[in-house]
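So the sequence lines, in the order shown, correspond to chains A and B. Under this note's numbering, the residues of the first sequence are numbered 27 to 248, in order. Under this note's numbering, the residues of the second sequence are numbered 27 to 248, in order. The block underneath contains the structure these notes are about, expressed in structure tokens.
Protein chains: 2
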Amino acid sequence: MASASPAPPRVSRRRRAAPPPKTRFDRRLAKILTHATDVFYEKGYEGASMRDLSRASGMSLAGMYYYFESKEKLLYLIQKHTFTTIVERLRERLKDVTDPEQRIRVFILNHLEYFLANQKAMKVLSHEDDVLKNSFGTEIAAIKREYYRICMDLLDNLKRAKGLEFSSRIAVLSLFGMMNWIYTWYHPRVDADAGEMAEQMANIFLQGVCASGKAPKKRSAN
Amino acid sequence: MASASPAPPRVSRRRRAAPPPKTRFDRRLAKILTHATDVFYEKGYEGASMRDLSRASGMSLAGMYYYFESKEKLLYLIQKHTFTTIVERLRERLKDVTDPEQRIRVFILNHLEYFLANQKAMKVLSHEDDVLKNSFGTEIAAIKREYYRICMDLLDNLKRAKGLEFSSRIAVLSLFGMMNWIYTWYHPRVDADAGEMAEQMANIFLQGVCASGKAPKKRSAN
DNA sequence: ATGTTTGTCGAACGTTCGTTCTAATGATAG
DNA sequence: CTATCATTAGAACGAACGTTCGACAAACAT
């Protein structure tokens, strides 16, 4: 039974502001997170031992616990940082675009660019989706829901603009499937870069939903 | 270094024919496989202990080893049976259909029907994709490649029939992504049944690839 | 110098892991 | 009734697990 709050007098993190102030502590922690991501990527969360992780960081097993309090928290930090970053960048990019179709293309491009540039972290985020429980799990789930919501709104805008009608839920989740499945097959030597990949997937998806959901005229299934 | 063949004098399986002859041994093993699938589904392969698995089967820990020689073999048996069955059923269904587009629809329907009817087994197959090593791993990988090949051929036929041009690799893997991602979000209470799901995904995918890959000549399709 | 904080480590904690040994059951056949 | 063999379980194996402890060096302020 791990206690949630009663007795953590050991570690004193002197910085808790939102923007990371680049202290020595933070820099070292970031290094550990990077190396841990590599190990989780290759062996999975359950399959990776704390000894594996410490070896990858060039630090002693006990030394790791100065930077975080449990293996679970380590996974949480990786997932939170990865997910937060991709949402941030998306918001930034969406500012410049107003056309509904283009906004979806921006969404796909942003997702795939980040996915392929940070393939290991994104696999850890996608593959170890439901291992975090309690507060850690709910926090990651909240970011996920937010990200999902953004995509859903983008798609609803397209539907309104073009007068289409189809299930947004299935469309969005199909799109996520297309994009996230990439971690199981993408090889940089064989496959095109993120830009081209995004265009091809966007073409399939956009033409797909546009053609399959013609609303007011004619009698077609929906 | 697990020995592949030298010294297994302990277990004597008196039946080794391809069609399962329903001996008591086979029936009991099948039960164990079913229960093990449930546990793997919920805790993952690494996260599930042999003690969890034995508890789920209502059998003692040691008793399990009478039916299979290792935890790895257990996962192998589950994956092999699941994958073999879905390929079998697909081959059966494809016999009746000749139209290239309809054949792809059959592929999607078969995949989703089996996926949703055997959601747990299919998650274990999809999620624990790269945990099996050595001969077990290569054998499962071979079935996977065969399945992939079938879909690829189906798509190439469509391309030839309709004079389309696009990357079959990306299209096929996008389709697999769409379909396999289902295990992360599908809820029978909320979402439609396999038939409707297959139709919607097939619409998106087929309209997508048909519209996005217009051949050298022609301007106005449909 | 001195004392405090910050960072690191070897060694060990108790627990659980996958697997095996051994012996005892239950059933079946001579 | 007894010999045989499939089937089960109790107890234990050594190894690995996540985590903690106490000691100890740098780093830094006073």
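A virtual CB, placed ideally from N, CA and C, is assigned to each residue, including glycine. In this text, all values refer to a predicted model and were calculated from it rather than measured experimentally.
Distance check between A/S83 and each of A/L100, A/K97, A/K99, A/L59 places A/L59 closest, using alpha-carbon atoms only.
If only complete runs of 4 or more residues are kept, the region 97-136 of chain B shows the alpha helix (DSSP H) at 97-120, in order along the chain.
For A/N160, the nearest beta carbon of chain B is not closer than 7 Å to its own beta carbon. Of all residues in the region 180-205 of chain A, those with a C-beta nearer than 9 Å to a C-beta of chain B are F192, S193, R195, I196, A197, L199, S200, L201, F202, G203, M204, M205, reading in chain order. In the three-state reduction of the DSSP assignment, B/K159 falls in the coil class. Taken atom to atom, the span from the alpha-carbon of B/R186 to that of B/R53 is near 46 Å. By the CB criterion at 7 Å, A/G234 and B/I134 fall outside the cutoff. Cβ neighbours of B/A62 within its own chain (closer than 6 Å, five residues either side excluded): L79, L100. Put simply, of B/E154, B/T124, B/K170 the residue whose alpha carbon is nearest the alpha carbon of B/F109 is B/K170.
A straight line joining the alpha-carbon of A/E154 with that of A/Y71 spans about 7 Å. DSSP links A/L190 through a beta bridge to A/K240. Going by DSSP, A/Y67 is part of the alpha helix (DSSP H) stretching over 50-69.
Residues L59, F94 of the same chain have their beta carbon placed closer than 7 Å to that of B/L103, with the five preceding and five following residues left out of the count. In the structure shown, A/A74 adopts coil according to DSSP, grouped into three states. Ranking B/K121, B/M85, B/A88, B/E68 by CA distance to the CA of B/K146 puts B/E68 first.
Around the C-beta of B/G203, 16 or more other C-beta atoms lie within 10 Å, and the residue is accordingly described as buried. Within a 10 Å sphere around the beta-carbon of B/Q128 sit fewer than 16 other beta-carbons, which makes this residue exposed.
The residue among A/S152, A/L199, A/A74, A/K159 with its C-alpha nearest the C-alpha of A/R175 is A/L199.
Apart from the 5 residues on each side of it in sequence, B/G239 sits with its Cβ closer than 8 Å to the Cβ of K185, L190, E191, F192 in its chain, given in chain order. Using a Cβ-Cβ cut-off of 8 Å, A/G221 is close to nothing in chain B; its nearest Cβ partner there is about 13 Å away.
In summary, B/H213 is exposed, with fewer than 16 beta-carbon neighbours lying within 10 Å of its beta-carbon over all protein chains present.
The shortest C-alpha to C-alpha distance from B/K97 to any of B/D122, B/T111, B/I112, B/F66 is the one to B/F66. Counting only residues of its own chain and dropping the five nearest sequence neighbours on each side, B/A220 has a CB closer than 6 Å to the CB of L138, E139, L142.
When the alpha-carbon of A/T124 is set against those of A/R81, A/R215, A/L180, the nearest one is in A/L180.
At a cut-off of 7 Å between beta-carbon atoms, A/Q105 makes no contact with chain B. C-alpha of B/V113 to C-alpha of B/I130: approximately 14 Å in a straight line. For A/A237, the chain B residues whose C-beta falls within less than 7 Å of its own C-beta are Q233, A237, listed in chain order.
Counting the other Cβ atoms within 10 Å of the Cβ of A/A197 gives 16 or more, which makes it buried.
Closest in alpha carbon position to B/T210, among A/N160, A/S152, A/L55, is A/S152. The alpha-carbon of A/K149 is positioned some 37 Å away from that of B/G89.
Of the other Cβ atoms in all chains shown, 16 or more fall within 10 Å of the Cβ of B/A228; this residue is therefore buried. Judged by DSSP in its simplified three-state form, A/D179 adopts helix. For B/M148, the enclosing alpha helix (DSSP H) has its first and last residue at 145-153.
Residues of chain A whose Cβ lies closer than 9 Å to the Cβ of B/M178 do not exist, since the nearest Cβ in that chain is about 13 Å away. Near chain A, meaning a CB-to-CB distance below 9 Å, the residues of the region 140-153 of chain B are S152, H153.
Following the DSSP letters along the chain, one finds B/G89 inside the alpha helix (DSSP H) bounded by residues 87-90.
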